[in-house]
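Trainee:
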Amino acid sequence: MTEIKYVTVLGAGTMGAGIAQVCASAGCRATLFDVDDDALEQGFDRIRRNLDKGLELGKLSSQEHHDSLNRLQGAHDLAFAVERADLVVEAVPEVLELKQRIFREVDAAAPPHAILATNTSSLSIAGISEAVADPSRVVGLHFFNPVHLMKLVEVVWGPRTSDAVRDAATDFVRRLGKEPVVVKDSPGFASSRLGIVLGMEAIRMVEEGVAAPEDIDRAMELGYRHPMGPLRLTDLVGLDVRLGIAQYLHETLGSEAFRPPDLLRRMVEEGKLGKKSGRGFYDWSEG
Numbered sequence: 000m001t002e003i004k005y006v007t008v009l010g011a012g013t014m015g016a017g018i019a020q021v022c023a024s025a026g027c028r029a030t031l032f033d034v035d036d037d038a039l040e041q042g043f044d045r046i047r048r049n050l051d052k053g054l055e056l057g058k059l060s061s062q063e064h065h066d067s068l069n070r071l072q073g074a075h076d077l078a079f080a081v082e083r084a085d086l087v088v089e090a091v092p093e094v095l096e097l098k099q100r101i102f103r104e105v106d107a108a109a110p111p112h113a114i115l116a117t118n119t120s121s122l123s124i125a126g127i128s129e130a131v132a133d134p135s136r137v138v139g140l141h142f143f144n145p146v147h148l149m150k151l152v153e154v155v156w157g158p159r160t161s162d163a164v165r166d167a168a169t170d171f172v173r174r175l176g177k178e179p180v181v182v183k184d185s186p187g188f189a190s191s192r193l194g195i196v197l198g199m200e201a202i203r204m205v206e207e208g209v210a211a212p213e214d215i216d217r218a219m220e221l222g223y224r225h226p227m228g229p230l231r232l233t234d235l236v237g238l239d240v241r242l243g244i245a246q247y248l249h250e251t252l253g254s255e256a257f258r259p260p261d262l263l264r265r266m267v268e269e270g271k272l273g274k275k276s277g278r279g280f281y282d283w284s285e286g
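Pasting the structure below:
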């Protein structure tokens, strides 16, 4: 397949900005697309802060800092953003209809050789690929937050993903300095399916008064060597995001293990979404 030199990332939120950053740092020309001017500006601010921190900590040189920023550009026009892309990575909210609409537009504008990837954490690759003429070029690339620090990327192959696309995506993940895990398209893949079960049970424990969030997290960190407990992780991912994934897995798999606890629903309704709102299972209002 064509060497991946030009990457376009759709959606300038936390994940999209992070993906664009690591692609640029790996030597690709990276275009970050968003229809919202403020979102695009915030995405580039986030990238600059990450690179500045890396420079401050000695993780990258001033030349690498400069080159990474120089390889990045922003775009508001989708056709312009994808016209030269070898790889397009979609990183918009977890709504199947939205992703299908975007993939339909990308399919009409991107070069025929371009790999079309989705950063979905749980939605069906087969369902998303229904929007394009050639589903063989659609694959899942599920990055983890924060993208520039987390090593894992799930490469998810759908029933019609070609072997060449799957292998090219896997090789590209390694080129980014990440560790690929190749997973068959199924609800929740590997990471979300396991992580949501643990997260929902931890929330039920808080709901039942079994232990405080800090103690539940500490038990997993010290007893099972998890780098972060399930409740702090839920705060970082976003309670609304985890609720959406849990609802989808509960409906799709039919297992009570994925049923969202009433506490989670209430917190989302009250706007307690975790770090991004300043309050979740922890207080983030002071940083």
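In terms of numbering that gives the first Met the number 0, the sequence shown has 260 at position 261, counting the first letter as 1, and numbering is strictly consecutive. Backbone N, C-alpha and C define an ideal beta-carbon position, used for all residues, glycine too. Note that the structure is predicted; figures quoted are calculated from it, not measured.
Considering only the alpha carbon of each residue, which of V152, I124, L230 and A168 lies closest to S185?
Mentor: Within the sequence shown, numbered from 1, the residue matching residue 185 stands at position 186. Minimum Cα distance to S185 is reached at I124.
Trainee: What separation, rounded to the nearest whole angstrom, lies between the Cα atoms of I195 and T117?
Mentor: Taking the first residue of the sequence shown as 1, we reach residue 195 at position 196. Taking the first residue of the sequence shown as 1, we reach residue 117 at position 118. Taking the straight line from one Cα to the other gives about 20 Å.
Trainee: Where does T30 land, buried or exposed, given buried means 16+ other C-beta within 10 angstroms?
Mentor: The sequence position of residue 30 within the sequence shown is 31, counting from 1. Answer is buried; the Cβ neighbour count reaches 16.
Trainee: If you draw a straight line from the C-alpha of I202 to the C-alpha of Q246, how long is it?
Mentor: In the sequence shown, counting from the first residue as 1, residue 202 sits at position 203. In the sequence shown, counting from the first residue as 1, residue 246 sits at position 247. Whole-angstrom Cα-Cα distance: 14 Å.
Trainee: Is I46 helix, strand or coil by DSSP?
Mentor: Position 47 of the sequence shown, counted from the first residue, corresponds to residue 46. Residue state, collapsed to three classes: helix.
Trainee: Would you kindly work out how many angstroms separate the C-alpha atoms of L242 and P260, rounded to a whole number?
Mentor: By one-based count along the sequence shown, residue 242 stands at place 243. By one-based count along the sequence shown, residue 260 stands at place 261. Taking the straight line from one Cα to the other gives about 9 Å.
Trainee: So what does L156 bridge to, in DSSP terms?
Mentor: Along the sequence shown, one-based indexing puts residue 156 at 157. First, the amino acid is wrong: residue 156 is Trp here, not Leu. According to DSSP, W156 bridges with V138 and K183.
Trainee: Leaving out five residues before and five after V172 in sequence, what residues of the same chain have Cβ atoms less than 8 Å from its Cβ?
Mentor: For the purposes of this step, residue 172 is taken as residue 173 along the sequence shown, with counting starting at 1. Contacts found: L140, V152, V154, E178 and P179.
Trainee: I believe D216 touches P229 by the beta-carbon criterion, under 8 Å. Please report the beta-carbon distance rounded to the nearest angstrom.
Mentor: Position 217 of the sequence shown, counted from the start, is the residue given in the question as residue 216. Position 230 of the sequence shown, counted from the start, is the residue given in the question as residue 229. P229 and D216 do touch by the CB rule: their CB atoms are close to 7 Å apart, below 8 Å.
Trainee: Quick one: residues in its chain with C-beta nearer than 8 Å to the C-beta of S60, no 5 flanking neighbours on either side, listed in chain order?
Mentor: Within the sequence shown, numbered from 1, the residue matching residue 60 stands at position 61. Counting only Cβ-Cβ distances below 8 Å, and skipping sequence neighbours, we find L54.
Trainee: What number of angstroms, rounded off, separates the C-alpha of S284 from the C-alpha of D214?
Mentor: Along the sequence shown, read from residue 1 onward, the residue named residue 284 stands at position 285. Along the sequence shown, read from residue 1 onward, the residue named residue 214 stands at position 215. Their Cα atoms are separated by approximately 21 Å.
Trainee: In whole angstroms, what separates the C-alpha of R278 from that of L263?
Mentor: The sequence position of residue 278 within the sequence shown is 279, counting from 1. The sequence position of residue 263 within the sequence shown is 264, counting from 1. Cα to Cα, the separation comes out at about 13 Å.
Trainee: Can you tell me whether D51 is helix, strand or coil according to DSSP?
Mentor: If you number the sequence shown from 1, residue 51 lands on position 52. DSSP places D51 in helix when its eight states are reduced to three.
Trainee: Given L71, which residues of its chain have a CB within under 6 Å of its CB, disregarding the five upstream and five downstream residues?
Mentor: In the sequence shown, counting from the first residue as 1, residue 71 sits at position 72. A23 and A29, listed in sequence order.
Trainee: Taking the alpha-carbon positions, what's the E129 to L232 distance?
Mentor: The sequence position of residue 129 within the sequence shown is 130, counting from 1. The sequence position of residue 232 within the sequence shown is 233, counting from 1. Their Cα atoms are separated by approximately 32 Å.
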